[in-house]
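Contents: one structure, followed by commentary.
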Amino acid sequence: MKIISIIILFVIFAALTNLSENISELVTDTTTTTEQTSFIQKSIEAEVNSFYDISVEFIESEGAFIFSGAISWINSSPSSLDTIYINLPVSRDKKVKYIIDYENIFNSNQIEFVENKNEFFIDSTLIKLALHTPLKQGDTLKLEFAYKAELASKDEFKDNLFLFFKDWHPKVAVYSDSGFIAYPHHDYIKSYSDFSNYKIKLKIPSYFQIAAANKSKIDDSGSDIYNCSLQNSPSFNWFFFTGLIESSVEIDIVGSRTNLEIYSQKGNDNYIERYADAVSNYLTSMNHFMDKLPYNLTVVELPQNSEYLSSSYPGIIATEFEIISPLNSQKLEYRIGSLVAEQYFGNIIVPNEFESSWLSKGLSAYVAEKMVRKFYGDLYSYFNFSTYYPIRGLHFLSYSDIPLIYTIGNNKIPEGGRFIEKYYQYFNYSDMSVESAEYPGYEEYEVSSIIKPQLALLTLEKFLGQESITQNLENYFRNFRYSHPNANNFLNEIKNGCDEESLVMLNDLFHSGKRFDYAVQEIKKLSEQEYEVLIVRNEDGISPVRISINTELDTLDYFWNGEERFKKIRFNSRNEVLSVEIDPEQQNLLDLNFSNNSYVMENQYWGSLSFATRVFFWFQNAFLIFGGIG
Amino acid sequence: MIRSIIKGGIKLVALNKKFLLLLWGTNGVLALVLTIPIFSMLFDNLQHSLLSDKLAMNFNYMWYLQFRYLYENLFDKLPLLFYSVVGMNALIQTFYSGGLITVLNNPKKNHVSDFFYGGVKYWYRFMKVTLVALVLFAIIFIVNDLIGNWLSYISQIYNSVLLDLLTRSARYLILLILIGVISVISDYVNVTIALKDLTKVRIGFRETFKFIRLNYTLIFLVFLIVSVIGAVGAVVYNFIVIFVPRSPFYFLILTFILQQLLIIFRLSITMLFHSTAVFLFKDQSADIISDFS
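In structure tokens:
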């Protein structure tokens, strides 16, 4: 009995020892350094499950980038996993082509490829790998990889090379309680990524430049080596280019000085001060109710004709620019505002943008609108002559960028009016409950993810108050930073400040594409002092309605929850009723028709005549131009 | 020389100012044809709305966008109507050119009947000139578009915004100059045909090119000066109208009067273009009689 007990104990001891050795092998390889181990250890402590250690070298003579590195991914879930989803590198840029041997890209004894590789490919950017042995909770998957990318034309550099590396390395998909949430790469929707630690080494010839987060440079006889790191970040993205002007500007954020790196296009250093001013203003504003960003920001100006859109990645803001962009057009300032806000709502909070892009882009658009108005005042309408020259006014007809019928003047655009024209063009696609990836094109996506949410939040703000919305945003940020919230998480925060009527409106704003249109249909005089007002709801969207009845001497106010299709209000008034108006402050920005929000007993002519005379004059001028033929 | 041409032109316009009424009336009627549908939409939208008075005072951007959206279907049809009326206007202006040149050429015979006689007499010939001018305009615009595409391609290769900006600006400047050149040439062809009573348009072009080749400096300087006078008028109008308040409502009438004064001024500039062309052509084409002293 005693001997059996000793043998059993010995077996248990041996098993435990073996297990600990296996764990050591998983987390280290033959070349593991102390640094790497502590890097992973820090990841575990910070509850980050993945880390990426990647080296990139640009070989100028070959016109190629050589990538090599390792992914370490820790299974923190209680489930054992036998498959893992990985996004592969993809280039949307015609200038760069990835050369990947799909069967041999990964070097790991933990995964297996079967003969038919098509079984693993969801599409060319998303792969499902089988594991030899299930990965239990706490186990680490280690994948080494190597591949390269070639420039499409080796001659296409020296003066105007510009490459943006996003989705440039293999990445493990996000794992949640329900399993892996994996998507193929998308043209304009940001990849859904988990918070990871990055250690990146970029080696390039000295002639070239790099923009990346948290980089430090070492000269290495003709080459520059950049060591970059990011902690707890959804991605690491970088730019590789020549010929941009590098500036470092010290900016003030809530009393502390920090450096802002700006890379601007040749011959375009006019905007450096504006970028610095805008970033300083916006970060100061956001720091009042959110954390300081965990990294310094870099601003990169995109080339005019590049395929890239303005985007915000951890530590980097890439912005399109116009060669002529007056301060009072606010285009530059607004763009920077939305990109800075997206640092918070898209990179520190990381929603699934394939489902609800609006959580990142829409919230950023709302915050940007508030910040731009605060720091740069009112916006006025502009149109462009010959593509580049902004002229204050409106234009109605043009040919080949030459305005034919136009008016010059100061036409103020109120809050919410910045993009509302596009909302009217595409509001069939404004249902925010539809997954963002479902929309057929970028314009439709833009309306549902950026414009409609901005308008919805501005409308809510008018009903609930700016303080309430600001507090809700702050709570949302504090509760969900470094996590992956969904739409309901955000809306639950907003609901805290809502009464019953506002809740119905909130639902219609965020869970549907319903339109809003209330109209005062008529005012009837039933007797000497008795009146009846008929108010109708022309569309499906419901919002609370404030009704003002204007008499000769005073104004009577009523409130209606807006739920029925029509509402008859009977009231007595000794004074003559002149008009009835609903939503007099135009709180509901999504109301399709402000002109039917009021009803005046007498016919009104002056507005129509005033405009008609202007239109008449414009046509007269147009005929003078076109009548000059012959 | 130029001063005497301009003075002579202004005198001729003053002598024939009654025809301004006809030009202005026609311009107004055609503009009204296009304005009535828009007024109807505006009235439908604002008839019982409080916004009506507010819009008379201040422009409301949101209302404007909503108005465009609400009447989108009707607005989509407006360009077709606009271009149709522009076509009609071109035909009518061709007729009026014939009448104008006739009465400007012979100040003593400048009755309304002479005007219409001239319009009828030269309408067919001037239409042919107009068609040639239209073809030339079409060629210019097509070439302009092709050059634009080529320049965009070049600026993509060189990735230079500044290059794109400069080339586009130069392109538009050249386009405007070419439009001006064709307008001047077609005006002078009409004058040549009318004054020399040519029946063949081809000969009219040939004679005009000969004339322009001998007098191009004078022609383009006169054209430039008359254009500048026209531009000055527009600037003065824009300056004055800023100070006209929007309320009370009778200031709308004042604004309308100022607008019509500008239109009449621009129509008189149109007449001045014709009168200076006639004056210059007659002056430079006149036979030189030797001095017998």
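Line by line, the protein sequences give chains A and B. Numbering follows the numbering used here, with no gaps: position 15 of the first sequence is 15. Numbering follows the numbering used here, with no gaps: position 283 of the second sequence is 283. Backbone N, C-alpha and C define an ideal beta-carbon position, used for all residues, glycine too.
Opposing strand residues paired with residue i [DSSP bridges]
i	result
A/Q209	A/F241
A/I253	A/S256
A/N384	A/P390
A/L131	A/I111
A/L230	A/Y198
B/T102	BP columns for B/T102 are empty, so no partner.
DSSP three-state assignment for residue i, whether helix, strand or coil
i	result
A/S398	strand
A/A278	helix
A/V520	strand
B/L283	As written in the sequence, residue 283 of chain B is Asp, which differs from the Leu given in the question. DSSP places B/D283 in helix when its eight states are reduced to three.
A/K514	coil
A/E150	strand
B/Q66	helix
A/T284	helix
A/Q471	helix
A/N270	helix
A/E301	strand
A/N22	Here A/N22 scores only 36 on pLDDT, less than 50, and its place in the model is too uncertain to base an answer on.
A/L553	coil
A/F419	coil
B/S169	helix
A/A173	coil
Chain A contact residues for residue i, given Cβ-Cβ distances below 7 Å
i	result
B/F115	Per Cβ cutoff of 7 Å: no residues; B/F115 is ~17 Å from chain A at best.
B/Y69	Y424
B/A56	W606, G607 and S610
Beta carbon proximity, residue i to chain A, threshold 8 Å
i	result
B/T217	no
B/G28	yes
B/S49	yes
B/D76	no
B/G89	Looking at the sequence provided, one finds Asn at residue 89 of chain B rather than Gly. Yes, B/N89 counts as interfacial toward chain A.
B/V32	The sequence given here has Leu at residue 32 of chain B, not Val. By this cut-off, B/L32 is an interface position.
B/S52	yes
B/D164	yes
B/T102	no
B/A286	no
B/V228	no
B/T35	yes
B/I139	no
Any non-hydrogen atom of the ligand SAH within 7 Å of residue i CB
i	result
B/L50	Within the structure as shown, the ligand SAH is missing, as the structure has no ligands at all.
Neighbouring residues, chain A, relative to residue i (Cβ below 8 Å)
i	result
B/F265	The contacting residues do not exist; B/F265 stays about 10 Å from chain A at best.
B/T208	Ordered by position in chain A, no residue passes the 8 Å Cβ test against B/T208, which lies about 13 Å from the chain.
B/F43	Y605 and S608
Contacts of residue i in chain B (Cβ-Cβ under 7 Å)
i	result
A/K412	Y61
A/S386	R168, S169 and Y172
A/E581	L50
Whole-angstrom distance between residue j and residue i, CA atom to CA atom
i	j	result
B/L195	A/E320	59 Å
A/N507	A/Q586	20 Å
A/I84	A/N109	14 Å
B/I185	B/V13	21 Å
B/G204	B/N110	24 Å
B/L166	A/E301	20 Å
B/V278	B/A31	29 Å
A/L26	A/S76	Any answer about A/L26 is weak, because its pLDDT of 30 lies below 50 and its placement is not dependable; what the coordinates show is given next. When rounded, the distance between both Cα atoms is 15 Å.
A/V632	A/K266	Chain A is shown only over 1 to 630; residue 632 of chain A falls outside these bounds and no answer can be derived.
A/E528	A/I569	16 Å
A/T33	A/S68	Any answer about A/T33 is weak, because its pLDDT of 45 lies below 50 and its placement is not dependable; what the coordinates show is given next. In a straight line, the C-alpha of A/T33 is about 17 Å away from that of A/S68.
8 Å Cβ cutoff, residue i in contact with chain B
i	result
A/V615	yes
A/Y402	Inspection of the sequence shows that residue 402 of chain A is occupied by Ile rather than by Tyr. Yes - at least one Cβ of chain B is within 8 Å of the one on A/I402.
A/G417	yes
A/N428	no
A/N593	yes
A/I629	Confidence at A/I629 is low in this model, with a pLDDT of 42, below 50, so the placement of that residue should be treated as unreliable; the coordinate-derived value is given next. Output row for A/I629: interface = yes.
A/F619	yes
A/E421	yes
Chain B residues whose Cβ lies nearer than 9 Å to that of residue i
i	result
A/N596	N45, H48 and S49
Closer than 8 Å at the beta carbon, the chain B residues around residue i
i	result
A/V600	H48, S49, L50 and S52
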